[in-house]
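See below for the structure under consideration.
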Amino acid sequence: MTVLARFGLAILLVGAVFAAGQFGAFKSLDRLTEDIRFQLTSRPASGQVVFVDIDSASLAQVGVWPWPRQVYAELLDRLMALGAADVAFDIDFSARSTPEGDAALAAALEAAGGYAYLAAFEQVDGATGTRRLSLPIDSFAAHATAVSVNVLAARDGLVDRFAAATSGEVSVPALPVALYGKPAPGGDIHIDYGIDLRGIDRIPVADLLAGTVAAPRVADRQVVIGASAIELRDIFSVPRYGMLPGPLVQIAGLETLKAGRVLTPLEDWPGLVAAALLALVLSGGLRVRTATGIVIAAVMFAEIAALLLQWQYGLVLRTAGFEIAALLLLGQRIVLALIGEYAERRRAEARLLYLARHDAATDALSRGGLLEHMAGKPVPAVMLVGIRRMDLVRGALGQPVAELALRAIARRLQALELGGVGLIDRDVFAIALDKAPTEARFKRLDWGLRAALRPAIVVEGHKVHVDVALAVDSAAAGVSPAQMLQRAELALRVGSPDLGVSAFDAGMETGVDRRRRIDAELRQAIERGELTVVFQPQTSLAHGELVGVEALVRWHSPVLGPVSPADFIPLAEETGLIVPLGAFVLAEACKAAAAWRWNGRLAVNVSAAQIRLDDIGERVADVLVETGFAASRLDLEITESVLVETPERLSQMFADLRQLGVGIAIDDFGTGYSSLSYLSGLEFDKLKIDQSFVRTLEAGTANAAIVQTIVDLARRLGKTTVAEGIETETQRQLLAEMGCDIGQGYLIGRPAPAAEIAARIDAQRAAVA
Numbered sequence: 049m050t051v052l053a054r055f056g057l058a059i060l061l062v063g064a065v066f067a068a069g070q071f072g073a074f075k076s077l078d079r080l081t082e083d084i085r086f087q088l089t090s091r092p093a094s095g096q097v098v099f100v101d102i103d104s105a106s107l108a109q110v111g112v113w114p115w116p117r118q119v120y121a122e123l124l125d126r127l128m129a130l131g132a133a134d135v136a137f138d139i140d141f142s143a144r145s146t147p148e149g150d151a152a153l154a155a156a157l158e159a160a161g162g163y164a165y166l167a168a169f170e171q172v173d174g175a176t177g178t179r180r181l182s183l184p185i186d187s188f189a190a191h192a193t194a195v196s197v198n199v200l201a202a203r204d205g206l207v208d209r210f211a212a213a214t215s216g217e218v219s220v221p222a223l224p225v226a227l228y229g230k231p232a233p234g235g236d237i238h239i240d241y242g243i244d245l246r247g248i249d250r251i252p253v254a255d256l257l258a259g260t261v262a263a264p265r266v267a268d269r270q271v272v273i274g275a276s277a278i279e280l281r282d283i284f285s286v287p288r289y290g291m292l293p294g295p296l297v298q299i300a301g302l303e304t305l306k307a308g309r310v311l312t313p314l315e316d317w318p319g320l321v322a323a324a325l326l327a328l329v330l331s332g333g334l335r336v337r338t339a340t341g342i343v344i345a346a347v348m349f350a351e352i353a354a355l356l357l358q359w360q361y362g363l364v365l366r367t368a369g370f371e372i373a374a375l376l377l378l379g380q381r382i383v384l385a386l387i388g389e390y391a392e393r394r395r396a397e398a399r400l401l402y403l404a405r406h407d408a409a410t411d412a413l414s415r416g417g418l419l420e421h422m423a424g425k426p427v428p429a430v431m432l433v434g435i436r437r438m439d440l441v442r443g444a445l446g447q448p449v450a451e452l453a454l455r456a457i458a459r460r461l462q463a464l465e466l467g468g469v470g471l472i473d474r475d476v477f478a479i480a481l482d483k484a485p486t487e488a489r490f491k492r493l494d495w496g497l498r499a500a501l502r503p504a505i506v507v508e509g510h511k512v513h514v515d516v517a518l519a520v521d522s523a524a525a526g527v528s529p530a531q532m533l534q535r536a537e538l539a540l541r542v543g544s545p546d547l548g549v550s551a552f553d554a555g556m557e558t559g560v561d562r563r564r565r566i567d568a569e570l571r572q573a574i575e576r577g578e579l580t581v582v583f584q585p586q587t588s589l590a591h592g593e594l595v596g597v598e599a600l601v602r603w604h605s606p607v608l609g610p611v612s613p614a615d616f617i618p619l620a621e622e623t624g625l626i627v628p629l630g631a632f633v634l635a636e637a638c639k640a641a642a643a644w645r646w647n648g649r650l651a652v653n654v655s656a657a658q659i660r661l662d663d664i665g666e667r668v669a670d671v672l673v674e675t676g677f678a679a680s681r682l683d684l685e686i687t688e689s690v691l692v693e694t695p696e697r698l699s700q701m702f703a704d705l706r707q708l709g710v711g712i713a714i715d716d717f718g719t720g721y722s723s724l725s726y727l728s729g730l731e732f733d734k735l736k737i738d739q740s741f742v743r744t745l746e747a748g749t750a751n752a753a754i755v756q757t758i759v760d761l762a763r764r765l766g767k768t769t770v771a772e773g774i775e776t777e778t779q780r781q782l783l784a785e786m787g788c789d790i791g792q793g794y795l796i797g798r799p800a801p802a803a804e805i806a807a808r809i810d811a812q813r814a815a816v817a
């Protein structure tokens with residue numbers, strides 16, 4: 049073959065390569081080289097931008113989502129008070145919330161004096177196909193600047209640029225352009241991911257709300273508020289970093305403008321000309337070794353040139369087409385590389401498709417996958433299997449063991465072949481039943497499911513025993529698969545786990561409404577003086593004298609009437625209201641007990657939520673100073689389950705309380721999942737025997753043996769024992785014979801106001817005198 053013929057074939061090959069490149073065939077290789085260049089040209093951020101992060105911990109602290117707009121108002125007020133230069137929200141405020149919340153945020157925006165920016169979104173109307181711009185509501189827009197937070201992705205789905213402003217009748221500047229505050233390029237602005245975004249100061253919203261953020265971190269800086277929590281799904285695929293939260297993409301755009309590093313992609317013609325010249329050179333009678341050397345040198349030169357162009361001038365040169373053409377001119381090996389790349393891409397797509405429908409930890413269907421399964425065929429009913437006490441397993445054995453246990457549970461459920469099995473929530477499986485339900489079938493399902501999960505699950509040498517709560521909802525006209533799941537979840541949440549299968553009924557929704565009303569009223573109950581503290585007596589079982597009291601809270605709402613603590617305390621723990629509620633009970637109890645001038649002890653309960661959300665040591669110290677109550681007379685009662693749920697905070701908290709002189713009582717002992725190792729590692733003073741053992745206490749029974757064991761254990765450890773729930777004289781006498789120190793219950797005395805306890809103390813003094 050002549051040189052001219054070889055050159056002609058080489059030109060055809062080069063043309064085919066670059067034609068394929070126009071359809072994105074080599075996009076992944078271009079992205080790889082681009083990422084490497086970003087790494088090699090990495091430069092620090094300006095230090096003038098701060099990311100206020102709505103992370104998972106902040107979501108948990110606030111306790112509800114969407115957040116009340118009072119939270120955003122408080123964030124804005126705090127940031128402006130700390131001296132922020134600008135504050136931009138990457139959050140949708142295009143719909144109204146509650147009047148109070150909207151008013152609070154509008155007031156905060158007005159107070160910001162025009163230095164606040166709110167997100168606008170340009171999106172395609174699914175019905176008409178036209179582009180529609182979603183702007184902040186009018187009351188917000190009057191005091192803040194609307195900025196576009198839309199970003200643009202390449203054909204491979206990676207976000208690499210943004211429009212300087214929205215198109216259409218209303219032009220809204222992009223968030224980076226607005227915060228930049230100087231003339232910026234028009235059209236699409238390419239982001240420089242060579243800027244090291246790890247240097248951006250990230251402040252969790254939880255820290256800002258807690259008031260622990262120092263002013264220098266915010267003063268004179270521009271602040272972008274947005275979400276990184278995975279559950280909020282504001283995540284984008286980007287070059288270099290892989291995945292970034294939406295707010296950090298906006299910050300990357302702003303840092304690009306600040307650095308004067310707007311990237312400019314070059315056309316493919318420089319690579320095409322270079323490949324044609326290389327084809328001409330290689331078409332001569334060169335040896336393979338020489339040709340290989342020339343190709344290697346050409347590829348290296350192309351990469352060095354691309355690196356220098358990007359580093360010095362912000363010009364992005366795509367080199368994949370040139371490099372592949374050069375390698376194809378050498379022979380067949382490039383074909384194998386392309387086949388490998390294609391196969392890898394297909395495997396990745398298949399894996400992503402699988403993960404989109406399945407839970408990675410258990411291989412069960414995900415919530416979305418189960419809904420897709422239910423939509424594909426008629427499902428007469430859906431049954432939920434709630435795995436109880438898994439949080440305790442996580443605390444005692446670790447998250448990896450818990451995940452393996454859940455995987456084993458999923459396999460057992462799948463082995464029953466009842467229908468599609470999915471993990472729809474934390475520790476909650478759902479089964480889309482294949483057969484129509486009947487009452488008799490439900491009974492068989494109840495028995496079969498419990499029997500299948502009753503044997504211990506052996507994971508890495510640990511035996512995990514689980515219990516389940518079951519709920520079901522049947523198909524009905526007008527009820528979608530998603531609604532079936534929601535109704536079954538409601539039945540699981542409000543039903544009794546010990547009464548078989550909890551079936552959904554409309555009355556359950558009434559219970560949910562009452563919970564909402566309780567939550568709304570409880571937020572104002574403390575300020576309105578609706579809560580009161582009562583005290584249940586504790587007496588010596590040996591001598592009968594009053595030796596202590598336990599503080600309990602009662603609520604009589606003018607709207608709801610008397611509300612049981614069993615209703616409002618768990619709700620307060622879920623929403624975080626347990627912190628002010630617990631502080632109120634502690635302060636009122638210490639204030640009342642200090643007035644009695646009595647040497648008896650005061651017991652106050654502390655929940656796991658309080659330990660997570662509050663500084664108990666500091667709280668107790670402040671109350672003791674304010675009330676003048678002696679620390680040596682105060683016992684804090686902590687449930688046994690807390691030993692497992694929050695062990696990392698207990699040691700320090702116990703040390704702080706010990707330093708104050710406060711006593712510690714382990715409440716509900718014998719009902720938790722903890723091991724004796726927790727007792728050996730923590731200092732405490734009392735063990736409270738749970739009332740479930742006491743109320744059925746009879747001589748010679750298993751309960752009697754358990755109680756005697758607890759009493760003996762406490763005596764050997766040098767601890768005091770308190771038995772709660774004493775209702776009969778027989779129980780009191782039996783506990784006294786066992787050596788239990790203190791008794792509490794309706795036989796001893798019902799919870800009473802402080803005045804009645806004071807009268808009882810006076811009567812006891814008079815009897816002794």
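In our numbering, the protein residues as written are 49 to 817. Ideal placement from N, C-alpha and C gives every residue a C-beta, glycine not left out.
Quick check on residue i: does DSSP put it in helix, strand or coil?
| i | result |
| --- | --- |
| S106 | helix |
| S723 | Interpretation of S723 is limited by its pLDDT of 49, a score under 50 that renders its predicted location unreliable; the figure taken from the coordinates is listed afterwards. If DSSP states are grouped into helix, strand and coil, S723 belongs with coil. |
| K483 | coil |
| H591 | coil |
| F732 | coil |
| E746 | coil |
| A166 | The displayed chain sequence assigns Leu, not Ala, to residue 166. Residue state, collapsed to three classes: strand. |
| A132 | coil |
| V611 | strand |
| K491 | helix |
| D138 | coil |
| G496 | helix |
| N653 | strand |
| I790 | strand |
| P116 | coil |
| D83 | helix |
| I59 | helix |
Let me make sure I understand the geometry here. Which of the options has the alpha-carbon closest to that of residue i?
| i | options | result |
| --- | --- | --- |
| R436 | V601, H510 and L518 | L518 |
| E508 | V527, A456, R474 and A500 | A456 |
| S142 | T176, R180, A105 and L123 | R180 |
| L325 | R335, I342 and H510 | I342 |
| S680 | G596, R337, D789 and A155 | G596 |
| A190 | H406, L153, G205 and A678 | L153 |
| S295 | R780, A108, P116 and F99 | Sequence check: residue 295 is Pro here, not Ser. When only C-alpha atoms are compared, the closest one is F99. |
Residue i to residue j, Cα distance in whole Å?
| i | j | result |
| --- | --- | --- |
| A412 | V516 | 18 Å |
| L782 | A747 | 7 Å |
| G787 | A750 | 17 Å |
| E279 | L661 | 21 Å |
| R649 | L471 | 48 Å |
| L386 | R85 | The predicted position of L386 is uncertain, since its pLDDT is 46 and thus under 50; no value can be drawn from it. |
| S723 | T757 | Low per-residue confidence applies at S723: pLDDT is 49, beneath 50, and the placement is therefore not dependable enough to give any value. |
| F490 | R535 | 17 Å |
| Q658 | I626 | 6 Å |
| E785 | G797 | 20 Å |
| A64 | A323 | 12 Å |
| A539 | G434 | 11 Å |
| A523 | L461 | 21 Å |
| D482 | P613 | 41 Å |
The alpha helix (DSSP H) with residue i in it runs from where to where?
| i | result |
| --- | --- |
| I408 | Correcting the residue identity first, residue 408 is Ala in this sequence and not Ile. Segment: none, A408 is in no alpha helix (DSSP H) and carries neither H nor E. |
| E666 | I664 to T675 |
| G149 | P147 to A159 |
Heavy atom of the ligand PLP less than 7 Å from the Cβ of residue i, yes or no?
| i | result |
| --- | --- |
| V520 | The model depicted lacks the ligand PLP and carries no ligand whatsoever. |
Can you tell me where the beta strand (DSSP E) holding residue i begins and where it ends?
| i | result |
| --- | --- |
| A194 | T193 to S196 |
| F74 | Looking at the DSSP string, F74 is not in any beta strand (DSSP E), and its letter there is neither H nor E. |
Problem set entry | Whole alpha helix (DSSP H) elements within the segment 227 to 299, 4-residue minimum | Runs of the alpha helix (DSSP H) spanning 4 or more residues and lying entirely within the segment 227 to 299 occur at 253 to 258, in chain order.
Problem set entry | Contained beta strand (DSSP E) runs [length at least 3] in the segment 387 to 462, N- to C-terminal order | Whole beta strand (DSSP E) segments, 3+ residues: 429 to 436.
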